[in-house]
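Numbering (my numbering), first residue to last: 1 to 285.
Just so it is clear, CB atoms sit at the ideal spot from N, CA and C, and this is done for glycine as well.
No experiment lies behind these values; they were computed from the predicted model shown.
Here it is in structure tokens:
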């Protein structure tokens, strides 16, 4: 089983996690910029953080054979802090970097007017830099948050197929599926989504445009729950190909739209069509 975790915060994890993930089949991941758990007091702290996402973390991941990519943004929670707003001026410097495959996490935390402005501004950056967008939905009042999210996405002019709306659940899945956006699900020990619930959603809605992530961070979370979801799919009667689509080919397809998803040295001979020589590991079409 090969796994591409499309949303995980490795800054919060240990090298032991990298080792366990590699052993479980995680070969690539995307680390979105996010809230570190306490307020940052100046844009300079974001500069150091962004630098670590495109420098130190890819190096650390590489020690275990894991390919590391990042998304860069001012996160929704800190969009409300006026001390952090100048971070928007820093983003173009990072959105040009080869290892940055999307703008994110953006979206809503408390659905404030400040979050509206920052969300719209960063969707505009995604359009300008021809990057996909990773959108965080609020933990509270999720249905209304998703409706508001999709309205802003539609107003921005970005192609819905270049947007993943994350942290979905049974209440919001149909709304996002019908919008044409990609659907992100965070598998957690206690909250958000479990492997068994995810299997039921895949039974009902299929595997198209579905992304399964661990979103593991500094809170109670588990970077191996992507693997657990794949195993639950197999136990429920899904095929190996279904699991490969959800845990590998879907995230490759989504982030491959950035034109920066180089997975060439991770190619598996078993993943190459013997007649054409084409590999499904490469992003884009």
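{"Item": "Span of the alpha helix (DSSP H) around residue 59", "Value": "56-62"}
{"Item": "Residue 283 versus residue 257 - alpha carbon distance", "Value": "Low confidence applies to residue 283: its pLDDT is 38, below 50, so where it sits in the model is not reliable enough to give any reading."}
{"Item": "Buried versus exposed, by CB contacts within 10 Å (16 or more), residue 254", "Value": "buried"}
{"Item": "Close-in-space but distant-in-sequence residues of the same chain around residue 145 (CB under 7 Å, 5 per side omitted)", "Value": "108, 111, 137 and 138"}
{"Item": "Three-state secondary structure assigned by DSSP to residue 278", "Value": "In this predicted model, residue 278 has a pLDDT of only 39, less than 50, meaning its place in the structure is not dependable enough to derive any value."}
{"Item": "Own chain partners of residue 79 with C-beta closer than 6 Å, once the 5 adjacent residues on each side are dropped", "Value": "114, 115 and 118"}
{"Item": "When 148, 185 and 71 are compared against residue 129, the one with the closest alpha-carbon", "Value": "71"}
{"Item": "DSSP-derived helix/strand/coil call for residue 13", "Value": "coil"}
{"Item": "Residue 18 vs residue 83 beta-carbon contact at 8 Å", "Value": "no"}
{"Item": "Under 8 Å between C-beta atoms of residue 29 and residue 4", "Value": "yes"}
{"Item": "Whole beta strand (DSSP E) elements within the stretch 204-253, 3-residue minimum", "Value": "210-213"}
{"Item": "Alpha carbon of residue 275 to alpha carbon of residue 250, nearest angstrom", "Value": "Residue confidence is low: residue 275 scores 42 on pLDDT, short of 50, so the model does not pin down where it sits. No coordinate-derived value is stated."}
{"Item": "Under the three-state DSSP convention, the category residue 156 falls into", "Value": "helix"}
{"Item": "Where residue 355 falls: helix, strand or coil (DSSP)", "Value": "A question about residue 355 goes unanswered here, because the residues of the chain that appear run from 1 up to 285."}
{"Item": "Simplified DSSP assignment, three categories, for residue 4", "Value": "strand"}
{"Item": "Own chain residues within Cβ distance below 6 Å of residue 153, not counting five before or after", "Value": "163"}
{"Item": "Residue from 220, 165 and 15 whose Cα sits closest to the Cα of residue 106", "Value": "165"}
{"Item": "Proximity below 8 Å, CB of residue 210 to CB of residue 175", "Value": "no"}
{"Item": "Among 98, 245, 160 and 150, nearest to residue 172 - alpha-carbon criterion", "Value": "150"}
{"Item": "6 Å Cβ shell around residue 134 - same chain, five flanking residues per side excluded", "Value": "32, 71, 102, 104, 105 and 164"}
{"Item": "Cutoff 6 Å; reference residue 75; Cβ partners in own chain excluding five residues on either side", "Value": "34, 35 and 105"}
{"Item": "Residue 218 beta carbon less than 8 Å from that of residue 42", "Value": "no"}
{"Item": "For residue 26 and residue 73, the rounded distance between their alpha carbons", "Value": "24 Å"}
{"Item": "Those residues which DSSP pairs with residue 184 across a bridge", "Value": "211"}
{"Item": "Chain-order list of residues whose beta-carbon lies under 8 Å from that of residue 236 (same chain, five-residue window excluded)", "Value": "199 and 203"}
{"Item": "Spatial distance of residue 195 from residue 225 (CA atoms)", "Value": "7 Å"}
{"Item": "7 Å Cβ shell around residue 90 - same chain, five flanking residues per side excluded", "Value": "43, 46 and 47"}
{"Item": "6 Å CB neighbourhood of residue 37 in its chain, flanking five on each side removed", "Value": "218"}
{"Item": "Closest Cα partner of residue 126 within the set 142, 94 and 54", "Value": "94"}
{"Item": "Of the residues 66, 6 and 242, the one placed nearest residue 15, counting alpha carbons only", "Value": "66"}
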